[in-house]
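Peer 1: Here the protein sequences line up with chains A, B, C, D and E, keeping their order.
Just so we're aligned, residue 1 is where the first sequence starts under this note's numbering, counting upward by one.
Just so we're aligned, residue 249 is where the second sequence starts under this note's numbering, counting upward by one.
Just so we're aligned, residue 596 is where the third sequence starts under this note's numbering, counting upward by one.
Just so we're aligned, residue 1002 is where the fourth sequence starts under this note's numbering, counting upward by one.
Just so we're aligned, residue 1344 is where the fifth sequence starts under this note's numbering, counting upward by one.
Cβ coordinates follow ideal geometry from the N, Cα and C atoms, glycine included.
Have a look at the structure that comes next, please.
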Amino acid sequence: MKVEKISRSPLEELKRHVGVIQEAFKQAVIPDRVTIEYPRERRKYPENLRGFIVLDKSRCISCFRCAQICPANAIQMSYFENFYPGIDYTKCIFCHFCVESCPTGALASSTLHDMAFKSLEDMKVKPNQMMRLPAAIREDVQSVEYDVTKKGWRLIRKMELEDIKVVRILPKLKPRRAFCLEPESCLGCRQCMEVCPHEAIVMERCEITLEGQIVGKGCVLKITEKCVGCGLCVRQCPMKILSLKEVE
Amino acid sequence: MEEFTKFVRGGILGPIKKWGTKWSLWPVHLVTACCGAELAHAFACGYDGERIGALNYGIARQTNLIIVEGAITRKMARVLRITWEQMPDPKFVIVMGACGLNGGIFWNGYNLVKPSEVVPVEFFIPGCPPTPEALLRGIRQLQIKLDKGVAENSVSFSEVKAEKGKKPRILPRGVKKVSLAPCIVIAREKEVEWELGKNLCEKLKVLGRAVITARNRIALKVDPDKLRSSAMKLRDLGFDHVKSVNVVDAPNEGKFIVEYWISSYSVKELMPVLINLHSEISRREPKISSLSDIFPSADYLEREMQDLFGVEFVGNPWKGRFLLAPDAPEAPLRKDFKLQEEVYVGD
Amino acid sequence: MKEFHLDIPVEPPKELESLFLPIPREYVEDTYRKDEFLVLVGPQHPGSGHMRLIVRVKGDIIQEVIPDPGYVHRCVEKIAENRLYIQNIPLVERPSIMDSANFNLGYVRAIEAAMDIEVPERAKFIRTILAELCRIGTHLYDAAILAVFIGHTTGFMYPFGIRELICESLVRMTGARFTSSFIVPGGVRRDVDEKTLRWVYDATFAIEKRLKSFERIFIKNPTVIARLRDVGVLSKEEAIKFGVVGPFLRASGVEYDTRVVEPYEAYEELTWDIVTADEGDGYARFMVRVNEVSQSLSIIRQCITSMPDGSYISEQIGEVRGNFFDKFADIVLPAGEYTTLTEAARGTLLFTIVSDGESNVPYRMRIVSPGWLYLRGFMEALKGERLADLQAIYGSFGYFPPEADR
Amino acid sequence: MQEWQFLVPDKKHKKKFFGNLKAEVIDAKLCCHCAACAAICPVDGIVSGDQPIDFPNWVKECVDCGACIKVCPRWEYKPLKGIGNYIEAISAKSKRFKGQDGAMVTEITATALEMGLIEKAIFVSRDEEWRTKIVTIRSPVQLYDRKVTGTKYSYADVLPALKDAVIESKAVAFVGTPCMISAVRKMQKSFKKFERVKLAIGLFCTENFYHHQLSEFLAKKGVDLRLATKTDIKKGKFIVRFVDGGRVSFPVKEFEEIIPSGCKVCQDFAAVESDVSVGSVGSESGFSTVIVRSEIAKKVIDQIREKGTAEIKEPDIQAVQKLCEYKVKIHPYPSKEKEKTQ
Amino acid sequence: MISTLFEIFKSNMVQIPLIQPIIDYLMQIPLINFIVALILWRPFFAVVIIPGLTVLLLYLLYIVWFERKLTARVQWRVGPLEVARPIRGAIQALADGLRYFFQEAIVHKEAHRPYFVQLPILAFIPILLPIAFIPAGNVVGIKSPYAVQLVVAFLALIPITIIAIGWASNNRFAFIGSVREALIYVSYEIPFIIAVSSMIYLYGSGDPYVAVEKQSIVPGAIMNPIAFLVFIIAMLMATSRLPFEIPEADQEIAFGPFVEYSGMLFGLVMVLAYEKLYVMALLFVILFLGGWSGFYCELLGDLNAPLWLFIKTIIVISILAIVRSMYARYRIDQAVRYSFSWLIALSIVALVIGIAVGWIV
């Protein structure tokens, strides 16, 4: 498709001038205004707007997935009763890879997105501050929504306050547990045991027998029922012999 | 004079001055990075920052607010400081966007500077990019600060009580896995049904090793001293521009692989074909002849590679830095320049 | 007309030494000896983005322009070598956030090409919608910047107003106004429901309606035409020689569009035209993009009306929610080099990923963004024009430094 | 509930396992610098490089798993000697590749890759200063690089890279000195995963050097390694060839002072435990002697024969035998000094 | 001495029946009566109160706000608002003015310091001088039969101060801006003078009183529409308004001559164009829109004429304000070419019409 050539005749020129003047005066008389007067009114964003992230501590299994998937390394785990994620909003880019990665739905997105801080220190949010939505300064008295139809676009103002919502979508995942695929390759380094946040892997000393003969001292490692399938051991294992499997 | 200044600042006229400043926060037009798009939204008709008295305006002398729109690079940091120095008192700085706060996604980049280390900053706005509402919230917070005299965060966190525990001895391993012995294969042959490509490969065999790597992609390896003649030959075949110049650093094999991605606009059937003309040069004396006179489109790309890898393109008239600031590290894209590693456990 | 030189030796101003000019001192002295003038435009200048142009003028005529880019060089290529493949998705979007879907798409396609992932039809259509929305958004953004560069503030406001609809569409579909990071290897992150698609469908009509106002007040504005016509002309030969890309190449009469030359996603199944022009001047460059906006609107409508049912992500990947880490963190591409071409809004976008076959980070990632490719053509177009045209040509190219500098 | 067992080796000292290793191997000057311990260490604490193996801060960081002892070829050292068992021995020269002599290591790897017996091979490359670098070979194309082929007389950390390769791929080959081969065999004994090392190509080896010592030594002699294209040991002489075609040579005896202590106790010349050993001894110049010891290697050699990618001759096996004996003679174990002290 | 002055003032006072009782009361108080008499002394009243300085300031506050508001309206947005919501943000310009007033005024090192500081203040002289000559009924500063010519002559001084400002700034962009100002000056001044002289020919005199009188039936705009058009375009060019905002072009040369100004000084130079517009609009109203003639209100007395003049001026300027949101900026060579071809041609046509109509009337 070729772009139409623009005519250079003075008459056309004049026509265009008239068009401009017409449009400007039309707008001056009946403006198609689309401004959202923000501090006074709040725009109704859809629920899936990616905003401030809220943590439900009771669901968190300290699996480090959020911290390790974060492209900006904004999530660092802090140790309370267990490891919980804290988000550094000086780095957070609101991609919500962490929310998508959370296997239990402990992290949830909220529609709170208008924040301003006076110092960088205040922006490093600790896990215990993330469990509730923060109280935000709000000056809005009404809410606005875009109304789009085939005919055009206008704003609908409603005299009601838009709540900041927390949207928690629980992932449909079967429970998983760690399994050892290749016990013969175990180094015996016990890293899996030490890294486990739930003390689900235990070790006992024993004697190793091979074909009925005692070969030497050894240990036995057990993955117990406590395992919640966080997968830390899987990633920790230097020989990569552990794996997560779905269990019924 | 000093007494006069003092009087103006704190005297009876103080409240008037404060009021004037509060409703007339004019951000200077200092676009530093891509958050400028959201800044434009905040001042365009969707949100109209002019409503609250902020008018995006001209240059440093006539304004009193800098909105740092994201990343400040080494080059830009100087500009930011100069702009700030040029501005008349009283002046304020708001930083928007993660890049400007702590680097954001570029936190371990070699070229970023934190604005808060360059100029005093009043308010920080998180987001990447922050929504226009967030920016207006920042301006609003600044107004409130001018009103009350103290700065406030716009959100206040309610802390849930939690016992602080002790860090365990072993911390989980990072997820990143970097090969100790990387293998770099540029031209991996692939079987594809592509008649034109096979013909081309036949034609190019005289120049060097020509391999079809995928549909529409041909890799042609030539000796460094034959690079120019090969390029000329390609030009005669109808290839007329360079789409990319790339250097791959292979320290384990002690070489740089210099690639030119050459394609054609003028011959219709060659349009989809991308020829990767590459040759290997020694890492100790990284020199290769430039193709910028054969393909002028390679000029800036070569300059960039010269800057980032320290590979000298003999024949390119440009010497010295192009993309990087004078104080940026030498040849940062070489593999021996390491970036800071991630930390997954905080305090 | 005969020129008369005043034979007075002029010393270059002292300030030129303190401005870290990347050009040699002799060049500056030579300029001043020849009764010419160096004007530094940017980076803090109302009519330039985040870059500096060292403009050598003779009277009002530009003799040569030397770009001083890198003010937004954010080391994307280096950082990408230190991040997981999946973590690079937000990273590659950042150079051009208004065009995020196209950048995202180019990168993800390179991964898919390497791993031989088949993308389901529905995902392809959703991706196409996102890419086209971003294309419209970018063209509008550039139109707005062009308007403000030639002093037309209304021309700035209207596109940004219309862009609000684009942003709203993106929020409804993906959850973010700009940087959606929505396209992942194998498909997209979430399904988009019928209601949202209907909304986007209606929005295309609303956009079209608003664009009519914009056309009257800006596109057909005689002052705009006067400023852009016959300004910064790049002939077809020049455009090819200097490797100009995208709409700017098409404005010079070359019918090259990656979406046709090397079709990807759903473009083959839709009907649309390549927009070209012959003049190669500023107005042609602008008009090509204006016409592309309407083409894109039509593509979006076609996509929505013929949206196939099915999965939004490849079966090789499976449900993403909650599984994101497990699915994507350990992606390792087979060793080799993978290059994809994508038609981003401003032109051809080239992604090269070199993988060593063992690391879960790219060995080398090369982005050649359209801005960086047409910078040379842009500089050539400036030669011989008036100083006041610098901004007009700048705007007509829609040069966006973060995109070029990466 | 799932459980499995693992063996904990015996300690000789009441220290953590690395302490044992340090006392018995490293400090006893037995360490051959094969870097097996560095490869296997689960906390990545053991560093090898251009200096003796060490674990800084091992007292604190060592997790006391004993893996390093399980894999160390010099732990409870019983030297291997002689030419070992073999299926056949040939002398060959590759037609495709250029290497040290007959480029048979390269040829065998390339053929194995082409046959699909292995997915990748760990090779040693070098930089301009002849520092060793490890590269993974995935396609025969890479083997055309002259830096990859050819002998480097410096230690290389092949095994850490090998471990990564083993975790990822199903079939791996590698090239190593006799001590590395022994280490890999020990690994295979303890850890099943290492059975994925399908092809262990051993090199004939008398001794190896630390890179910095070698380059300093040569620098003292006025040799700039950066200009060298090839190094070689032939008939008791260390030969360096240069870019401009020149060459210098020194008797190997002069190198006595820089031979690391670990090599002075090694008696294995022909890589007895390998699948196939390759070296120049026993062939005329331009040819390599190949000693095939296992079935898989035999398959490869048969393929080479079939395809005719190499010229094949009869080797002089006696020469190899002689050198094996010679190595036992010059590297006595337990060493004479030690015997004296005992 | 004082009493003589007092007598002079008293004899020539503005008569406003509406506030006459208050004035009468104030006149009885000593000292105050002198001030009141001074203020109401016609020449002083004309220059300082209306249509002079005081309403000029009011006008400035109004026009800056109105222009921003109108532009915002055309641009689908709201414009200044939150500063005073009940009155739709009408005091926005006051806030900006106060901010400028209290901001630091930087005089940079390279500037010619005395001129740099003086010139923005000196620029007020060519603004106020013509106001003294513009009559509003019988409220007049200096009565002169050559008032129109004088006003045109004084207006020509303003660009010279702007050029001087650019020179004093000693900045590359300021230089370019000054040169552009000079070029634009040459190109609009000729059609402007020809258009004005066509009206002088039409009315047969440069006396505003004659002009207003002659327009009592048909306004000048209808008598000579071409001159009307030329005057408007010249006015846009003279006051650096879009599409001829060339010397200040902020995207190109960053406010040209004013690039280095800050604080109060910038406040002064920024309103220069608006003041010039005001003076030109006054002249425009007198020449084309019947001046101060209008519906007479008994209560206002002498104030009637100046008020009408002022209101008409404000309306003219307000309508012109919309141009800002309509057009892009022309290039300098285009603007000069237009004015030397089309505009001069038009103005000569206007001159012919003026002479012809003047001859008929």
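Starting from the beta carbon of Q1418/E, find every residue of chain C whose beta carbon is closer than 9 Å, and list them in chain order.
Peer 2: T748, T749, F751, M752, Y753, G756
Peer 1: On a Cα-Cα basis, can you pick out the residue from R854/C, L970/C, P817/C, T871/C that is closest to P10/A?
Peer 2: P817/C
Peer 1: On the CB-based measure, 16 or more other CB atoms within 10 Å of its CB, does A726/C come out buried or exposed?
Peer 2: buried
Peer 1: Buried or exposed: where does A1024/D fall if 16 or more other Cβ atoms within 10 Å of its Cβ makes it buried?
Peer 2: exposed
Peer 1: Compare the C-beta of G654/C with all C-beta atoms of chain A and state if any pair is closer than 8 Å.
Peer 2: Not one chain A Cβ lies under 8 Å of G654/C.
Peer 1: Determine, for R689/C, whether the minimum Cβ-Cβ distance to residues of chain B falls below 8 Å.
Peer 2: yes
Peer 1: Spell out the partners DSSP gives R959/C in its beta bridges.
Peer 2: V949/C
Peer 1: Would a C-beta distance cut-off of 8 Å place T461/B and E998/C closer than the cut-off?
Peer 2: No.
Peer 1: Could you tell me the distance, in whole angstroms, from the CA atom of L1322/E to the CA atom of L1620/E?
Peer 2: Residue 1322/E cannot be examined here, being either before or after the span of chain E that is shown, 1344 to 1704.
Peer 1: With 9 Å as the C-beta to C-beta threshold (strictly closer), list the residues of the stretch 1590-1604 of chain E near chain C in chain order.
Peer 2: A1592, D1593, Q1594, E1595, I1596, A1597, F1598
Peer 1: Under 7 Å Cβ-Cβ, which residues of chain E neighbour F744/C?
Peer 2: Simply Q1594.
Peer 1: In the DSSP output, what is T1290/D paired with across the bridge?
Peer 2: Beta-bridge pairing links T1290/D to S1092/D, G1280/D.
Peer 1: G1287/D: buried (16+ other C-beta within 10 angstroms of its C-beta) or exposed?
Peer 2: exposed
Peer 1: Mapping DSSP to helix, strand and coil, what is Q1343/D?
Peer 2: Low local confidence applies: a pLDDT of 45 at Q1343/D is under 50, so the model's placement there is unreliable, and no value is given.
Peer 1: I724/C lies in the alpha helix (DSSP H); which residues open and close that run?
Peer 2: 716-744
Peer 1: To the nearest whole angstrom, what separates the beta carbons of H645/C and Y627/C, a pair I think is in contact under 8 Å?
Peer 2: Not really, about 28 Å apart at Cβ, beyond 8 Å.
Peer 1: Run through DSSP, which three-state label would S143/A get?
Peer 2: strand
Peer 1: Are the beta-carbon atoms belonging to V1291/D and A1090/D less than 8 Å from one another?
Peer 2: Going by C-beta atoms, V1291/D is nearer than 8 Å to A1090/D.
Peer 1: Which residues in chain C have a C-beta closer than 8 Å to the C-beta of T1414/E? List them in chain order.
Peer 2: T748, T749
Peer 1: If you reduce the DSSP assignment to three classes, tell me which class T461/B lands in.
Peer 2: strand
Peer 1: Are L482/B and L120/A closer than 8 Å when you measure CB to CB?
Peer 2: no
Peer 1: Checking contacts by CB at 8 Å: is C206/A closer than that to chain D?
Peer 2: yes
Peer 1: Let me make sure I understand the geometry here. Which of L1219/D, K1235/D, G1283/D has the alpha-carbon closest to that of F1256/D?
Peer 2: L1219/D
Peer 1: List the whole-angstrom C-beta distance separating I320/B from I342/B, where the pair is believed to meet the contact cut-off of C-beta under 8 Å.
Peer 2: Contact flag wrong, Cβ pair sits at about 13 Å.
Peer 1: By the DSSP assignment, the alpha helix (DSSP H) with Q236/A in it spans what residues?
Peer 2: Per DSSP, Q236/A belongs to the alpha helix (DSSP H) from 232-236.
Peer 1: Using only the alpha-carbon positions, how far apart do V1279/D and L173/A sit?
Peer 2: 54 Å
Peer 1: Would the stretch 661-680 of chain C and the stretch 764-773 of chain C be scored as touching if the rule is three or more Cβ pairs under 8 Å?
Peer 2: The stretch 661-680 of chain C vs the stretch 764-773 of chain C: no contact.
Peer 1: Out of M960/C, E860/C, V856/C, K815/C, which one is the CA nearest neighbour of R783/C?
Peer 2: For clarity, residue 783/C is Val in the given sequence; the question names Arg instead. Cα-wise, what sits closest to V783/C is E860/C.
Peer 1: At a Cβ threshold of 8 Å, is G268/B touching chain A?
Peer 2: no
Peer 1: Could you give the distance in angstroms between the alpha-carbon of V1482/E and the alpha-carbon of A1648/E?
Peer 2: 8 Å
Peer 1: Residue ranges of each beta strand (DSSP E) run of no fewer than 3 residues wholly in the stretch 53-97 of chain A, ordered along the chain?
Peer 2: 53-55, 75-79, 83-87
Peer 1: Mind pulling the alpha helix (DSSP H) runs of 4 or more residues that sit fully within the stretch 142-196 of chain A?
Peer 2: 191-195
Peer 1: What does DSSP give as the partner residues of S404/B in its beta bridges?
Peer 2: A135/A
Peer 1: Go ahead and pull the three-state DSSP assignment for N886/C.
Peer 2: helix
Peer 1: Have a look at P780/C and A1172/D and give me their C-alpha separation to the nearest angstrom.
Peer 2: 28 Å
Peer 1: Quick one: residues in its chain with C-beta nearer than 6 Å to the C-beta of R1242/D, no 5 flanking neighbours on either side, listed in chain order?
Peer 2: T1230, K1231, R1248
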